[in-house]
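Quick notes on the structure that follows.
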Amino acid sequence: MVIGIVGLGLIGGSLCKAIKQNTAHTVYGFDLDDNINSYALLDGGIDKKLCDSNIGECDYILLSIYPKATVAFLKEKAELIGKSTTVIDCGGIKRSICENCFELANEYGFSFIGGHPMAGLHFSGYKYAKDDLFCGASMILTPQNTDDIAQLQKVSAFIKSLGFSSVTVTTPDEHDKIIAFTSQLAHVVSNAYVKSPQAKIHKGFSAGSYKDLTRVARLNENMWAELFMENKDNLLFEIDHIINALSQYKEALKNEDTASLKLLLKEGSDRKAMIDN
Numbered sequence: 000m001v002i003g004i005v006g007l008g009l010i011g012g013s014l015c016k017a018i019k020q021n022t023a024h025t026v027y028g029f030d031l032d033d034n035i036n037s038y039a040l041l042d043g044g045i046d047k048k049l050c051d052s053n054i055g056e057c058d059y060i061l062l063s064i065y066p067k068a069t070v071a072f073l074k075e076k077a078e079l080i081g082k083s084t085t086v087i088d089c090g091g092i093k094r095s096i097c098e099n100c101f102e103l104a105n106e107y108g109f110s111f112i113g114g115h116p117m118a119g120l121h122f123s124g125y126k127y128a129k130d131d132l133f134c135g136a137s138m139i140l141t142p143q144n145t146d147d148i149a150q151l152q153k154v155s156a157f158i159k160s161l162g163f164s165s166v167t168v169t170t171p172d173e174h175d176k177i178i179a180f181t182s183q184l185a186h187v188v189s190n191a192y193v194k195s196p197q198a199k200i201h202k203g204f205s206a207g208s209y210k211d212l213t214r215v216a217r218l219n220e221n222m223w224a225e226l227f228m229e230n231k232d233n234l235l236f237e238i239d240h241i242i243n244a245l246s247q248y249k250e251a252l253k254n255e256d257t258a259s260l261k262l263l264l265k266e267g268s269d270r271k272a273m274i275d276n
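At position 224 of the sequence shown (counting the first as 1) the number is 223 in numbering that gives the first Met the number 0, and the numbers step up by one without a gap.
In C-alpha cells:
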C-alpha cells in the first residue's frame, strides 16, 4: 500500500519509521518545514514527498498535526483524496476534529476515522522519532460508524502491523472525557508541581516519586494549549475535582486531624489498588 503521513514530528516521524521497519508499504511524507522533508528522505523515513499530485495514490493518510491544522488540511485537500482512501488523524482530542472531518469525508466520499496513538516522549521533533515508539501501545479509534466491523478489522490490522498491541474503539465524546483525566490533567499537575520554589534545589533529595510526577512537565506549550482549550469543559471538570480533593488533605493538616488524614490516604491507596486490578 501507499501510506501518506502529514506532519513529520515525533509521532508522524515515528509512524514513518514504524511503517518502513515493519511493513513493505511505500511512505509519502510531508512537513511544513522542507528541511525535515529532505532529512526524512535522506534517512529513509519516507520514500517520496507527499504533494497534491500524488496524494490521490494513498491507501491511508495519517494526519499527525495539531487539531485545527488537521481540519484545515483536510478542507484544503479533500477533493484530491481518493474515494477508497482511509484518513486517520492522530490528534490528542477528538470531538472538534471528528465533527468537521466526518462531514468532509461524507461530502467527498473518502473514509475518516479519528485516532489517538497512546505513546510519546517528552521530546518533540523528527530527530526523536523511533521505529519502536508504538510497540506495546494502544491506539484509540473513533469511527463515525461503529457498526462497520469489516472496516474496523481492516484498519485495526494495519494499526497493529506498526507495533501497536491493541486498538480501543470509542466515541469522540467519551474519548475526550477520559483523556482529560488520563493525560491532560496529568500534564497540568506535573507542569504546576515543578513551579514550587523547592524544585530548584531538588537534586540529592529526589528519587522515583519526583521523576514520575515531573516526567511530563516538559511539554510543547503551543500544542498542549490548543489541546486544553479544545477540551476545556472536560479538563475544567478534572481540575475542579482535584482541587476539591487536595483541599480535604489541606484541611486535615490545618486542623491536625490525623484520623481524617489517615482515612484520606487509605481511600487513595485503596482506589489505586482497585483500578489497577
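Each residue gets a CB set at the ideal place from its N, CA and C atoms; glycine is no exception.
All values derive from a computational prediction rather than experimental measurement.
Neighbourhood of Ile238 by C-beta distance below 8 Å, restricted to the same chain and skipping five residues each side: Working through the sequence shown from its first residue, we reach residue 238 at position 239. Result list for Ile238: Leu184, Val187, in chain order.
Any chain B beta carbon closer than 8 Å to Asp131: The chain inventory of the structure shown lacks chain B, comprising one protein chain alone.
Backbone CA spacing between Val1 and Asn53 [nearest angstrom]: Stepping through the sequence shown from its first residue, residue 1 is reached at position 2. Stepping through the sequence shown from its first residue, residue 53 is reached at position 54. Val1 and Asn53: Cα-Cα distance of roughly 10 Å.
Whole runs of the beta strand (DSSP E) within the segment 144–183, excluding any shorter than 3 residues: With a minimum length of 3 residues, the continuous beta strand (DSSP E) runs that stay inside the segment 144–183 are 165–168.
Same chain, Cβ closer than 6 Å to Ser63, neighbours up to 5 away in sequence not counted: The residue you call residue 63 lines up with position 64 of the sequence shown. So the qualifying residues of the chain are Gly6, Ile10, Gly11, Cys89.
7 Å Cβ shell around Thr169 - same chain, five flanking residues per side excluded: By one-based count along the sequence shown, residue 169 stands at place 170. So the list reads Ile139, Thr141, once near-sequence residues are dropped.
Residue interval of the alpha helix (DSSP H) (run including Ser137): Here the question's residue 137 lines up with position 138 in the sequence shown. Note, Ser137: premise wrong, no alpha helix (DSSP H); beta strand (DSSP E) at 137–142.
Leu260 beta carbon less than 8 Å from that of Tyr248: Along the sequence shown, one-based indexing puts residue 248 at 249. Along the sequence shown, one-based indexing puts residue 260 at 261. Less than 8 Å separates the beta-carbon of Tyr248 from that of Leu260.
Assigned exposure category for Cys97 - 16 Cβ within 10 Å defines buried: On the sequence shown, residue 97 is found 98 positions in, with the first residue counted as 1. Cys97 comes out buried.
Candidates Ala23, Gly8, Val26, of which the one nearest Asp277 by Cα: Because residue 277 is not part of the residues shown, which for the chain are 0 to 276, the question remains open.
Separation of Ile112 from Ser155, as counted between CA atoms: Translated into positions along the sequence shown, residue 155 becomes position 156. Translated into positions along the sequence shown, residue 112 becomes position 113. Looking at the two C-alpha atoms, the distance is approximately 11 Å.
Backbone secondary structure at Ser195 - three-state DSSP: Position 196 of the sequence shown, counted from the first residue, corresponds to residue 195. Here Ser195 sits in coil by DSSP.
Residues that Asp88 bridges to, as DSSP identifies them: Locating residue 88 in the sequence shown gives position 89, where the first residue counts as 1. Its beta-bridge partners are Leu62.
Selected residue, minimal CA-CA separation from Gly55, among Gln150, Lys194, Lys19, Ile4: Translated into positions along the sequence shown, residue 55 becomes position 56. Closest option to Gly55, Cα to Cα, is Ile4.
Residue range of the alpha helix (DSSP H) that includes Thr257: Taking the sequence shown and counting its residues from 1, one reaches residue 257 at position 258. Residues 257–275.
Bridge-paired residues (DSSP) for Ile4: In the sequence shown, the residue the question calls residue 4 occupies position 5. According to DSSP, Ile4 shares a beta bridge with Gly28, Leu61.
Where the beta strand (DSSP E) through Lys111 begins and ends: Looking up residue 111 in the sequence shown gives position 112. Residue identity differs from the one stated: residue 111 is Phe in this sequence, not Lys. It spans 110–116 - the beta strand (DSSP E) in which Phe111 sits, taken as one unbroken run.
Three-pair Cβ contact test at 8 Å for the segment 144–151 versus the segment 116–127: By the Cβ criterion, the segment 144–151 is not in contact with the segment 116–127, since fewer than three pairs of Cβ atoms, one from each stretch, lie closer than 8 Å.
Environment of Tyr65 [buried if 16+ CB atoms lie within 10 Å]: The residue you call residue 65 lines up with position 66 of the sequence shown. Buried, since its Cβ has 16 or more Cβ neighbours within 10 Å.
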